[in-house]
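First up is the structure itself, then whatever we jot down about it.
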Amino acid sequence: MPAVQLLLLACLVGGVGARTAQFQKANDQSGRCQYTFRVASPSESSCPEQDQAMSAIQGLQRDSRDQRATLEATKARLSSLEAVLHRLTSGQPTGPLEAQQGLQKELEALRREREQLETQTRELESAFSNLVRDKSALEEEKRQLQAENEDLARRLESSSQEVASLRRGQCPQAHSSSQDVPSGSREVAKWNLENVDFQELKSELTEVPASQILKEGLSGHPKSEEEGTGCGELVWVGEPVTLRTAETITGKYGVWMRDPQAAYPYTRETTWRIDTVGTDIRQVFEYDLSGQFTQGYPSKVHVLPRPLESTGAVVYRGSLYFQAAESRTLLRYDLRTETLKAEKEIPGAGYHGQFPYSWGGYTDIDLAVDETGLWVIYSTEAAKGAIVLSKLNPETLELEQTWETNIRKQSVANAFIICGTLYTVSSYSSPDATVNFAYDTGTGSSKALTVPFKNRYKYSSMIDYNPLERKLFAWDNFNMVTYDIKLSRM
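Just so you know, the sequence shown maps onto residues -18 to -1, 1 to 472 in mature numbering (1 follows the signal peptide of the UniProt record, and there is no 0).
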């Protein structure tokens, strides 16, 4: 628009210079007054075409932009000159000194960065030294534990030899002269103190019937009817006893186990533990002694060839049985050879959140062990969410027999099996829960119960029965606990 005005002004000036301007006033066709001003072109004999006029206007616009750019550049140079002039008139140094000051500032910044890097290096060296010390301490503890383990192994071997000798009746005899021994006993050892005036001490081996040994058990004291090997209905669950607390968030829930039918190289003390928080659960911690388990020093860590899911794993006859992640497949993993020995898909079983216990955790498939063998607890679409119970072959994982209960799986917090009877727990978080149902596979009938059950830490994610120790093992909110139980007389 300014270019157009400039063009008109040029034409007007040119017309005035040529003294050919004309001014006229007249009414138009509608009777309104119009003023007409005419100026002759000083250089054009005739009016240009419309395209030529637009070209001229665009040329003027380009000239205007070029002049504006030149003006801006001139203003910038002028501002720079004014700044230099101001420094000169005020006595301030210029150029090289300012550059030197800039370099000095950069040098100071580099020095600060160097100091920070040196500080970080010292901190890393200190942390590395601490790690080396910790490693040395752990290695020393490992050596001590190995020495203790070897000592215990020697003592166990010595005890085994003594037991074998006692069973054969080949007791060591003293070299001194024989003396009379009470009837029903025979002399097995005697101190020979030669000339020292001390009373001789003599131990006696008394014949004990095998039936009495079985009745009293390995502990050496008679068992009550409730604590015996007989089966009955669950009538009492004791207070939880805490053995170990998990160290990290991965131990919020998990599963820990002992083998009720342990075979060499494992014993009744050998314990396995799996932290089950995560998406790729493969680590199985093994503890040779119960003391190692309670102190948190594993003797071995297994890495499973396939990840497991849920807290339903068990150890039985030297194998770990577990559910493969995101599948209805059961796996048998031999702990001694560290290989998979069998796998079996449970037909129609829900998995990965279809029919879990009420606390969730993908607990659709739950394995269990009791006096009669290996079991699996699950549900199917055909059972409409009710608990289904199957007896498993521990070698092949084939289903030998199956029972369908009338207990809805998602309405209970957990389940375990004692003497062929399934028991369920009412709540995983209530401090005062109950064992609320029992299903007897022998009769195929269920009944309601109200046996008190304590969730001390208010998040029980695993409850299993160990038929050797006749205790319940549980994982309650980072804590590994046990419960004593009592069964009624048959």
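For every residue, glycine included, the Cβ atom is placed at its ideal position computed from N, Cα and C.
Computed from a predicted model, the values in this text were never measured in an experiment.
{"Asked": "Reduced DSSP category for Arg314 - H, G, I as helix; E, B as strand; rest coil", "Found": "strand"}
{"Asked": "Cβ-based burial, Pro222 [other Cβ within 10 Å; buried from 16]", "Found": "buried"}
{"Asked": "Contacting residues, own chain, Cβ-Cβ under 6 angstroms from His284 (five flanking each side not counted)", "Found": "Val266"}
{"Asked": "C-beta neighbour in chain B for Thr261, strict 8 angstroms", "Found": "Here there is only one protein chain, and chain B is not present."}
{"Asked": "Secondary structure of Lys124, DSSP reduced to three states", "Found": "helix"}
{"Asked": "Cβ neighbours of Leu431 in the same chain (closer than 8 angstroms, five flanking residues each side left out)", "Found": "Leu216, Tyr405, Thr416, Val417, Asn418, Phe419, Ala420"}
{"Asked": "Beta-carbon spacing of Lys453, Leu379 below 8 angstroms", "Found": "no"}
{"Asked": "Status (buried if at least 16 other CB within 10 Å, exposed otherwise) for Asp262", "Found": "exposed"}
{"Asked": "Whole-number beta carbon distance between Tyr410 and Ala350, since they are thought to touch under 8 angstroms", "Found": "Not a contact, Cβ separation roughly 17 angstroms."}
{"Asked": "Distance between Glu122 and Pro434 (C-alpha atoms, nearest Å)", "Found": "46 angstroms"}
{"Asked": "Beta bridge counterpart(s) of Glu325 as assigned by DSSP", "Found": "Leu313"}
{"Asked": "Environment of Cys401 [buried if 16+ CB atoms lie within 10 Å]", "Found": "buried"}
{"Asked": "Alpha carbon of Gln102 to alpha carbon of Asn112, nearest angstrom", "Found": "15 angstroms"}
{"Asked": "Supposed close pair Glu363, Gly330 - CB separation, criterion 8 angstroms", "Found": "6 angstroms"}
{"Asked": "Sequence-distant residues of the same chain with beta carbon closer than 7 angstroms to Ser301, five excluded per side", "Found": "Arg314, Tyr315, Asp316, Leu317, Lys323"}
{"Asked": "Within 8 angstroms, strictly: CB atoms of Asp348 and Gly294", "Found": "yes"}
{"Asked": "Inter-stretch contact at 8 angstroms, needing at least 3 Cβ pairs: the segment 423 to 430 / the segment 451 to 468", "Found": "no"}
{"Asked": "Reference Ala395, options Ile359, Gly214, Lys429, Gly342, closest by Cα", "Found": "Gly342"}
{"Asked": "Paired residues, beta bridge with Glu386 - DSSP", "Found": "Val370"}
{"Asked": "Straight-line gap, Asn131 to Leu138 (C-alpha atoms, nearest Å)", "Found": "10 angstroms"}
{"Asked": "Option nearest Lys391 by Cα separation, candidates Ala306, Thr224, Ala365", "Found": "Ala365"}
{"Asked": "DSSP state of Asp241 mapped onto helix, strand, coil", "Found": "coil"}
{"Asked": "Distance, Trp357 Cα to Pro449 Cα", "Found": "13 angstroms"}
{"Asked": "Opening and closing residue of the alpha helix (DSSP H) in which Ser272 lies", "Found": "272 to 277"}
{"Asked": "For Val266, the three-state DSSP class (helix, strand or coil)", "Found": "strand"}
{"Asked": "Strand pairing of Ala8, partner residues [DSSP]", "Found": "Gln16"}
{"Asked": "As assigned by DSSP and simplified to three states, the class of Asn112", "Found": "helix"}
{"Asked": "Spatial distance of Lys282 from Ala119 (CA atoms)", "Found": "18 angstroms"}
{"Asked": "Buried versus exposed call for residue 523 [16 or more other C-beta atoms within 10 Å across all chains shown]", "Found": "Here the chain has residues from -18 to 472 only, and residue 523 is not among them."}
{"Asked": "Arg255 in three-state terms, based on DSSP", "Found": "strand"}
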